[in-house]
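Every number in our numbering is 24 more than the matching position in the sequence shown, counting from 1.
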Amino acid sequence: MEGTQCTLPGYGRVTAYRQGELGGMCGIYSAINAARLISPELVTRRALWTELYRFGVEWLSKQDRLKRGVLHGMSCDIWKELQHAMYDELSSKVGLSYRMRPLLRRRASLANDPAAHIRDALGAGRAVLCLLEGALDHFTVIAGFTHNKWLLHDSYGYRWIAMRNMAFEEERKPRHYVPLSSLVLLYRSEVQP
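Take a look at the structure:
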(Lines of atoms letter the chains of each structure in order from A; the text may use other names.)
(Lines give C-alpha, C1' and ligand atoms only; values in the text may rest on other atoms or scores of the structure.)
Protein backbone atom coordinates (compact mmCIF):
# COMPACT_ATOMS: atom_id res chain seq x y z
CA MET A 25 0.00 0.00 0.00
CA GLU A 26 1.57 3.22 -1.14
CA GLY A 27 0.80 6.56 0.41
CA THR A 28 1.07 8.17 3.78
CA GLN A 29 -2.47 7.85 5.02
CA CYS A 30 -5.31 5.34 4.96
CA THR A 31 -8.40 4.63 7.06
CA LEU A 32 -11.13 2.04 6.91
CA PRO A 33 -14.55 3.25 5.68
CA GLY A 34 -16.11 3.26 9.14
CA TYR A 35 -13.27 5.14 10.85
CA GLY A 36 -14.56 8.53 11.97
CA ARG A 37 -18.19 7.53 11.34
CA VAL A 38 -18.43 4.55 13.69
CA THR A 39 -17.82 5.04 17.39
CA ALA A 40 -16.03 2.14 19.08
CA TYR A 41 -17.96 0.41 21.83
CA ARG A 42 -16.13 0.99 25.08
CA GLN A 43 -15.67 -1.49 27.83
CA GLY A 44 -18.45 -1.03 30.30
CA GLU A 45 -21.08 -0.21 27.67
CA LEU A 46 -21.78 -3.90 27.14
CA GLY A 47 -19.50 -5.53 29.70
CA GLY A 48 -15.78 -5.63 30.36
CA MET A 49 -13.58 -7.73 28.08
CA CYS A 50 -11.30 -6.24 25.42
CA GLY A 51 -11.09 -9.51 23.45
CA ILE A 52 -14.84 -9.50 22.82
CA TYR A 53 -14.92 -5.75 22.20
CA SER A 54 -12.10 -5.89 19.66
CA ALA A 55 -13.99 -8.54 17.67
CA ILE A 56 -17.19 -6.46 17.70
CA ASN A 57 -15.45 -3.17 16.95
CA ALA A 58 -13.58 -4.65 13.97
CA ALA A 59 -16.82 -6.01 12.49
CA ARG A 60 -18.53 -2.64 12.98
CA LEU A 61 -15.65 -0.85 11.25
CA ILE A 62 -15.99 -2.87 8.07
CA SER A 63 -19.82 -2.83 8.25
CA PRO A 64 -20.74 0.79 8.94
CA GLU A 65 -24.21 0.20 7.45
CA LEU A 66 -24.98 -2.08 10.44
CA VAL A 67 -23.81 0.37 13.10
CA THR A 68 -27.27 1.46 14.21
CA ARG A 69 -28.31 -2.11 15.00
CA ARG A 70 -27.32 -1.98 18.67
CA ALA A 71 -29.42 -5.06 19.47
CA LEU A 72 -27.31 -7.06 16.99
CA TRP A 73 -24.06 -6.01 18.67
CA THR A 74 -25.45 -6.61 22.16
CA GLU A 75 -26.55 -10.08 21.07
CA LEU A 76 -23.08 -10.74 19.64
CA TYR A 77 -21.49 -9.59 22.91
CA ARG A 78 -23.74 -12.00 24.83
CA PHE A 79 -22.82 -14.77 22.40
CA GLY A 80 -19.13 -14.13 23.12
CA VAL A 81 -19.68 -14.24 26.88
CA GLU A 82 -21.71 -17.46 26.58
CA TRP A 83 -19.05 -19.01 24.35
CA LEU A 84 -16.36 -18.23 26.93
CA SER A 85 -18.58 -19.68 29.66
CA LYS A 86 -19.11 -22.92 27.71
CA GLN A 87 -15.34 -23.16 27.24
CA ASP A 88 -14.93 -22.65 31.00
CA ARG A 89 -12.89 -19.50 30.24
CA LEU A 90 -15.25 -16.76 31.40
CA LYS A 91 -14.03 -16.29 34.98
CA ARG A 92 -10.38 -16.30 33.95
CA GLY A 93 -11.13 -13.95 31.06
CA VAL A 94 -12.96 -11.44 33.24
CA LEU A 95 -10.34 -11.53 36.00
CA HIS A 96 -7.11 -11.91 34.02
CA GLY A 97 -7.87 -11.50 30.32
CA MET A 98 -7.57 -14.25 27.73
CA SER A 99 -4.75 -15.87 25.84
CA CYS A 100 -4.20 -15.00 22.20
CA ASP A 101 -5.23 -18.53 21.14
CA ILE A 102 -8.54 -18.35 23.04
CA TRP A 103 -9.11 -14.85 21.60
CA LYS A 104 -8.71 -16.19 18.05
CA GLU A 105 -11.07 -19.12 18.72
CA LEU A 106 -13.58 -16.68 20.19
CA GLN A 107 -13.33 -14.44 17.11
CA HIS A 108 -14.00 -17.39 14.79
CA ALA A 109 -17.10 -18.33 16.78
CA MET A 110 -18.35 -14.74 16.96
CA TYR A 111 -17.85 -14.09 13.24
CA ASP A 112 -19.61 -17.33 12.32
CA GLU A 113 -22.53 -16.24 14.51
CA LEU A 114 -22.57 -12.75 13.02
CA SER A 115 -22.43 -14.15 9.47
CA SER A 116 -25.49 -16.30 10.15
CA LYS A 117 -27.46 -13.27 11.34
CA VAL A 118 -26.74 -10.60 8.72
CA GLY A 119 -26.32 -12.37 5.37
CA LEU A 120 -22.67 -11.42 5.03
CA SER A 121 -19.68 -13.69 5.33
CA TYR A 122 -17.14 -12.48 7.89
CA ARG A 123 -13.73 -14.09 7.49
CA MET A 124 -10.58 -13.83 9.51
CA ARG A 125 -7.09 -15.09 8.88
CA PRO A 126 -3.55 -14.42 10.07
CA LEU A 127 -2.03 -11.30 8.55
CA LEU A 128 0.31 -13.60 6.64
CA ARG A 129 0.32 -17.34 6.62
CA ARG A 130 4.10 -17.58 6.68
CA ARG A 131 5.88 -16.06 9.64
CA ALA A 132 9.11 -15.42 7.71
CA SER A 133 7.31 -13.21 5.18
CA LEU A 134 5.57 -11.24 7.91
CA ALA A 135 8.73 -10.66 9.90
CA ASN A 136 10.40 -8.89 6.98
CA ASP A 137 8.14 -5.82 7.23
CA PRO A 138 4.96 -6.33 9.26
CA ALA A 139 4.10 -2.63 9.10
CA ALA A 140 3.95 -2.76 5.29
CA HIS A 141 1.61 -5.76 5.45
CA ILE A 142 -0.65 -3.92 7.90
CA ARG A 143 -0.77 -0.88 5.60
CA ASP A 144 -1.59 -3.12 2.62
CA ALA A 145 -4.40 -4.85 4.54
CA LEU A 146 -5.92 -1.54 5.60
CA GLY A 147 -5.68 -0.27 2.04
CA ALA A 148 -7.68 -3.32 0.94
CA GLY A 149 -10.43 -2.46 3.46
CA ARG A 150 -9.54 -5.15 6.00
CA ALA A 151 -9.51 -4.52 9.72
CA VAL A 152 -6.35 -5.58 11.56
CA LEU A 153 -6.80 -6.95 15.07
CA CYS A 154 -3.85 -7.43 17.40
CA LEU A 155 -2.58 -7.78 20.93
CA LEU A 156 -0.68 -4.76 22.21
CA GLU A 157 1.76 -6.01 24.81
CA GLY A 158 3.98 -3.85 26.95
CA ALA A 159 2.36 -0.81 28.52
CA LEU A 160 -1.22 -1.82 27.67
CA ASP A 161 -1.53 -5.64 27.42
CA HIS A 162 -4.71 -5.15 25.45
CA PHE A 163 -6.53 -6.47 22.35
CA THR A 164 -7.38 -3.71 19.89
CA VAL A 165 -8.18 -2.88 16.26
CA ILE A 166 -5.89 -0.98 13.91
CA ALA A 167 -8.23 1.06 11.72
CA GLY A 168 -5.84 3.18 9.69
CA PHE A 169 -2.56 5.03 9.60
CA THR A 170 -0.97 8.37 8.92
CA HIS A 171 2.68 8.96 8.04
CA ASN A 172 3.69 8.46 11.70
CA LYS A 173 0.73 6.95 13.62
CA TRP A 174 -1.36 3.81 13.76
CA LEU A 175 -5.01 4.83 14.20
CA LEU A 176 -6.95 2.65 16.64
CA HIS A 177 -10.62 1.79 17.02
CA ASP A 178 -10.43 0.83 20.64
CA SER A 179 -12.60 -0.18 23.58
CA TYR A 180 -10.47 1.80 26.07
CA GLY A 181 -10.76 4.91 23.93
CA TYR A 182 -7.16 4.87 22.71
CA ARG A 183 -7.04 6.80 19.44
CA TRP A 184 -3.52 6.22 18.11
CA ILE A 185 -0.01 4.96 18.76
CA ALA A 186 3.08 6.58 17.30
CA MET A 187 4.70 4.13 14.88
CA ARG A 188 8.09 4.75 16.45
CA ASN A 189 6.72 3.52 19.80
CA MET A 190 5.46 0.19 18.47
CA ALA A 191 7.54 -2.81 17.47
CA PHE A 192 6.70 -6.33 16.39
CA GLU A 193 7.60 -9.34 18.49
CA GLU A 194 10.61 -8.60 20.63
CA GLU A 195 12.87 -7.03 18.01
CA ARG A 196 13.18 -4.26 20.56
CA LYS A 197 11.07 -3.48 23.60
CA PRO A 198 9.44 -0.11 23.05
CA ARG A 199 6.43 1.07 24.99
CA HIS A 200 4.17 -1.16 22.84
CA TYR A 201 4.94 -4.36 20.98
CA VAL A 202 2.77 -6.69 18.98
CA PRO A 203 3.42 -10.43 18.80
CA LEU A 204 3.42 -11.37 15.12
CA SER A 205 1.16 -14.33 15.90
CA SER A 206 -1.55 -11.96 17.17
CA LEU A 207 -1.98 -10.04 13.90
CA VAL A 208 -5.32 -11.06 12.37
CA LEU A 209 -7.24 -9.68 9.38
CA LEU A 210 -11.02 -9.38 9.28
CA TYR A 211 -12.86 -8.96 5.99
CA ARG A 212 -16.28 -9.75 4.62
CA SER A 213 -17.99 -10.85 1.45
CA GLU A 214 -21.58 -11.23 0.33
CA VAL A 215 -23.06 -14.68 0.93
CA GLN A 216 -23.93 -16.27 -2.39
CA PRO A 217 -27.43 -17.84 -2.62
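Glycine included, C-beta positions come from ideal geometry on N, C-alpha and C.
Residues sharing a beta bridge with residue i, DSSP
{"i": "Ser213", "result": "Ser121"}
{"i": "Ala186", "result": "Lys173"}
{"i": "Cys30", "result": "Phe169"}
{"i": "Cys100", "result": "Partner(s): none; Cys100 has no beta bridge."}
{"i": "Gly158", "result": "His200"}
{"i": "Pro126", "result": "Val208"}
{"i": "Thr74", "result": "BP columns for Thr74 are empty, so no partner."}
{"i": "Thr164", "result": "Cys154"}
{"i": "Tyr180", "result": "In DSSP, Tyr180 forms no bridge with anything."}
{"i": "Val38", "result": "Tyr35"}
{"i": "Phe192", "result": "Val202"}
CB-CB length for residue i against residue j, believed under 8 angstroms
{"i": "Gln43", "j": "Ser179", "result": "5 angstroms"}
{"i": "Trp73", "j": "Ile56", "result": "6 angstroms"}
{"i": "His162", "j": "Cys50", "result": "5 angstroms"}
CB of residue i within 8 angstroms of CB of residue j, strictly
{"i": "Leu32", "j": "Ile52", "result": "no"}
{"i": "Pro138", "j": "Leu210", "result": "no"}
{"i": "Arg123", "j": "Arg212", "result": "yes"}
{"i": "Leu175", "j": "Gly168", "result": "yes"}
{"i": "His96", "j": "Gly158", "result": "no"}
{"i": "Leu76", "j": "Leu114", "result": "yes"}
{"i": "Thr170", "j": "Gln29", "result": "yes"}
{"i": "Met110", "j": "Gly80", "result": "yes"}
{"i": "Cys100", "j": "Leu146", "result": "no"}
{"i": "Pro126", "j": "Val208", "result": "yes"}
heavy atom of the ligand MN below 7 angstroms from residue i C-beta
{"i": "Leu155", "result": "Absence of the ligand MN is noted for the structure shown, with no ligands found whatsoever."}
For residue i, the nearest candidate out of the options (CA to CA)
{"i": "Val202", "options": "Ile142, Arg183, Glu75 and Val38", "result": "Ile142"}
{"i": "Glu65", "options": "His171, Thr39 and Gly147", "result": "Thr39"}
{"i": "Asp144", "options": "Phe192, Leu128 and His108", "result": "Leu128"}
{"i": "Lys117", "options": "Pro198, Arg188, Gly36 and Ala59", "result": "Ala59"}
{"i": "Ala191", "options": "Gly80, Asn136, Tyr41 and Lys104", "result": "Asn136"}
{"i": "Tyr41", "options": "Ala148, Asp88, Arg183 and Asn189", "result": "Arg183"}
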